[in-house]
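Numbering (mature numbering (1 follows the signal peptide of the UniProt record, and there is no 0)), first residue to last: -23 to -1, 1 to 871.
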């Protein structure tokens, strides 16, 4: 018996030793936690490549962190779901309750639609980091989260959270980071935040918070405070000056009033101060900025501040960006010349009431904007390469204020005005009497000059008419012969394309490609802004050959050497001197792209226009359609843009469209003509089909049409970001929006129209027509989407799409426009919607607007308000080229 007991004891000791060894080596030793992880794997639809079922979670599963054989951390950020998981994503993490040692849970970017369960605050009491950024979480923030007393960081930004911020969050005394930005939270800031003594970063930006900023925030050791883009009112509390550790302060885009408190001088560690787009009034004192030597960025634009700009602000040693535009600052510019240390990357002093002369050099600046002031005199030589001076009172500079405006400004202040360099007019001397003989001789001279001048005018007029008639005859002859436009011939060498630039020249123009000049980083290279010598603004794309193939650079050069159209962004030149960096130089587009201009405040002093009006939006749609129509129908072989979205539609100073992002342009798949552009414009490998009916890298004109349809919906609804994404949320939004577009019910459209648009009856019909065109572009069947040249004609004549008027055609019997135009852009959708939904597993129910009712594929009928037309009928009613479209329909049937 004793021997048996010894054997059992040894066996137990061995098991304990093995268990301890496995735990020390990082192996999971809890069957309960293993089962919980398997349940979580199933409920979230995680792939086996990330969490392989036959491997140990602690050592082989991605994102799992263990300690002493227990799970302490889970990170599924960036994971992809299985096909089944993608079909039914939800907030299903109940298994976390069995992970009693869990310290962190990170699901940022992983879709978890649903609300945060209240049990989070009761069962996850060991969690220190909870990260649910951009996970599609909805509903309110549970009060129970205040029970997570060990919580150090709470990230809930980029979701659809609603309701007020729970005051119980003030119980999280260990909290260091609280990020609730980019949600739909309402109500006031809880005063209990004053108890968050360890809080270093608070971000509540981009919500709908109201009330005032609590003075109690001045008692926290904050390093970053961001309350921008809310509805906060009242004055800025002076107590914020107690935040001696504060590095970043952002209160932009609120309704704050009063003056800027001088107590902010206590923010001695402050690096960024952004308090633009508010209602602040009064002046700025020198004492406020005298001790803020660390300040690098100051943004006070779009307020009602007045008085002189403090010299202490202008002479801050580390100041890199200063934006005080759209205020009422005044004073003589000589205040600049008295500060020899004035320098910066970007200074924007525009839209104020600064006056005086330019008596100093701007060589220390990368860019300074002094436009819309009252500066007079001459511009020093060499100063216009990095300075914007329009709408001032300067001599020999274009686009200045009127003489009367400048005179009135200087007269009201008792200042002298140089009258644009011209002397003041004086009384002219009385003319001497002319003898009668000279009067008669001059009369004959005038008669002869008039006679010969009239004869010469008639001869010139006849010559002009002859030239015009000859050109018209040639044009008519070309049309009769059926000539189609072709691309320009190949250049002898690519280096001969337009102007070439040296690398040093572009390096100097863009501030050595510094971060301050960076516009954005694209998939084909980084974009930088700059100025050529003489002041011409440019955009330079830097193609890094370490991460991209040389073909990306050569492709655009080849494209521009073959294609020339006013709707393509102008290429000014290129530089290939550097071995690793190839540079393309484009014309600068003052209004950026559609994504940044749709809601940008217009350049008016009263700031009355907050978004683009409908006329401009329709103009942009037509311009983009013209560019795509050129690529699809005038280039031979047809070219596909492949990257149509709001950010690739560039806008010049008159909001004329220039298509950018041309590095992805390729020949259409299936085209048999490979005579031109075949050297570099290769077809990419196909990818997984998406809702557009083709892969994300699809090289078909129908793919461009689908993407263009989403751009049209952005113009109609004002909802940005739709054209650049293709996730589940976007598809659900499209499904809901398309259900509100009906040829028979214009009023349904009011549910989706951008509320900032001001529309009369005619304009509303134009919006209705564009919506019908957009829905046709989003047809789930690529062959049933209209060609871009027909889309262009419909956008140019929108009222013909929706009004019941009769038009005749030599190729088609007279029909109502509703049966011709609308059938082209709407009927084919009706026919195919029940056969093939735009998104897998769903069929659009026409007319069910404002709800998300769906039917599984295979259900009988569309269940909507609209009738079903046969394919044959639709093919006979297509406009504007019925026979061509009929051929397309017949091909689709076969």
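All residues carry an ideal CB built from backbone N, CA and C; glycine is no exception. Keep in mind the model is a prediction, meaning the values are calculated, not measured.
Near residue 166, what residues of its chain come up, given a Cβ to Cβ distance below 6 Å and the 5 sequence neighbours on each side ignored? 191
Measuring alpha carbon to alpha carbon, tell me which of 77, 96, 106 and 79 ends up nearest residue 85. For residue 85, the closest of 77, 96, 106 and 79 by C-alpha to C-alpha distance is 106.
Are there 16 or more other CB atoms within 10 angstroms of the CB of residue 619, so buried, or fewer, so exposed? buried
Continuous alpha helix (DSSP H) stretch holding residue 9: start and end: 8 to 21
Using the rule of at least 16 other Cβ atoms within 10 Å of the residue's Cβ for burial, across every protein chain shown, is residue 328 buried or exposed? It counts as buried.
So does the segment 88 to 96 actually touch the segment 37 to 51, counting three or more Cβ pairs closer than 8 Å? No, the segment 88 to 96 is not in contact with the segment 37 to 51.
How is residue 646 classed by DSSP in three states: helix, strand or coil? DSSP, read as helix, strand or coil, puts residue 646 in coil.
DSSP three-state label for residue 566, please. coil
Just to confirm before moving on: does the CB-CB distance between residue 262 and residue 287 stay below 8 Å? yes
Runs of 3 residues minimum, wholly inside the segment 285 to 311: which ones carry the beta strand (DSSP E) assignment? Complete beta strand (DSSP E) runs here, min 3: 298 to 300 and 305 to 309.
If you draw a straight line from the alpha carbon of residue 189 to that of residue 744, how long is it in whole angstroms? 40 Å
List the DSSP bridge partners of residue 551. 477 and 561
Using DSSP with H/G/I as helix, E/B as strand and the rest coil, what is residue 121? helix
Residue 593: first and last residue of the uninterrupted alpha helix (DSSP H) it sits in: 591 to 606
Which of helix, strand or coil does DSSP assign to residue 24? coil
Extent of the continuous beta strand (DSSP E) run through residue 251: 249 to 251
If you follow the beta strand (DSSP E) that residue 776 is part of, which residue opens it and which one closes it? No beta strand (DSSP E) holds residue 776; the alpha helix (DSSP H) holding it covers 775 to 779.
For the alpha helix (DSSP H) that residue 680 lies in, which residues bound it at each end? In the DSSP assignment, residue 680 falls within the alpha helix (DSSP H) that extends over 678 to 694.
With 16 other CB atoms within 10 Å as the buried threshold, where does residue 500 fall? It counts as exposed.
Would the C-beta of residue 617 count as close to the ligand ATP, meaning under 7 Å from any of its heavy atoms? In the structure shown, the ligand ATP is absent, as is every other ligand, since no ligand is present at all.
Would a check of beta-carbon distances place residue 116 closer than 8 Å to chain D? Reference to chain D is not applicable here, since this structure consists of a single protein chain.
Under the three-state reduction of DSSP, which class applies to residue 370: helix, strand or coil? In this structure, DSSP gives residue 370 an extended state, which the three-state scheme calls strand.
Got a sec? Which residues, its chain only, sit under 6 Å from residue 235 by beta carbon, not counting five neighbours each side? 212
Near residue 602, what residues of its chain come up, given a Cβ to Cβ distance below 8 Å and the 5 sequence neighbours on each side ignored? 685, 765, 768, 769 and 772
Where residue 390 falls, given that 16 or more other Cβ within 10 Å makes a residue buried: Exposed, because fewer than 16 other Cβ atoms sit within 10 Å of the Cβ of residue 390.
Can you give me the Cβ contacts of residue 471 inside the same chain, cut-off strictly under 6 Å, excluding the 5 residues immediately before and after it? Per-residue confidence for residue 471 stands at a pLDDT of 42, beneath the threshold of 50, marking its modelled position as unreliable; the derived number appears in the next sentence. 534, listed in sequence order.
Endpoints, alpha helix (DSSP H) assigned at residue 381: 380 to 389
How big is the Cα-Cα spacing for residue 515 and residue 551? 12 Å
6 Å Cβ shell around residue 347 - same chain, five flanking residues per side excluded: 326 and 366
Can you tell which of 91, 206 and 29 has the C-alpha that lies nearest to the C-alpha of residue 136? 91
DSSP beta-bridge partners of residue 505: 495 and 517
For residue 631, which of helix, strand or coil comes out of DSSP? coil
Going by beta carbon distance, what residues of the same chain come within less than 7 Å of residue 384, once the five residues before and after it are set aside? 394
Inspect the beta-carbon positions of residue 508 and residue 494 and report whether they are closer than 8 Å. The Cβ-Cβ distance between residue 508 and residue 494 does not fall below 8 Å.
Alpha carbon to alpha carbon, how far is residue 728 from residue 734? Give it in angstroms, no decimals. 13 Å
Only counting the same chain, and skipping five residues up and downstream in sequence, which positions put a Cβ closer than 8 Å to that of residue 352? 310, 331, 332, 333, 334, 335, 366, 369, 370 and 371
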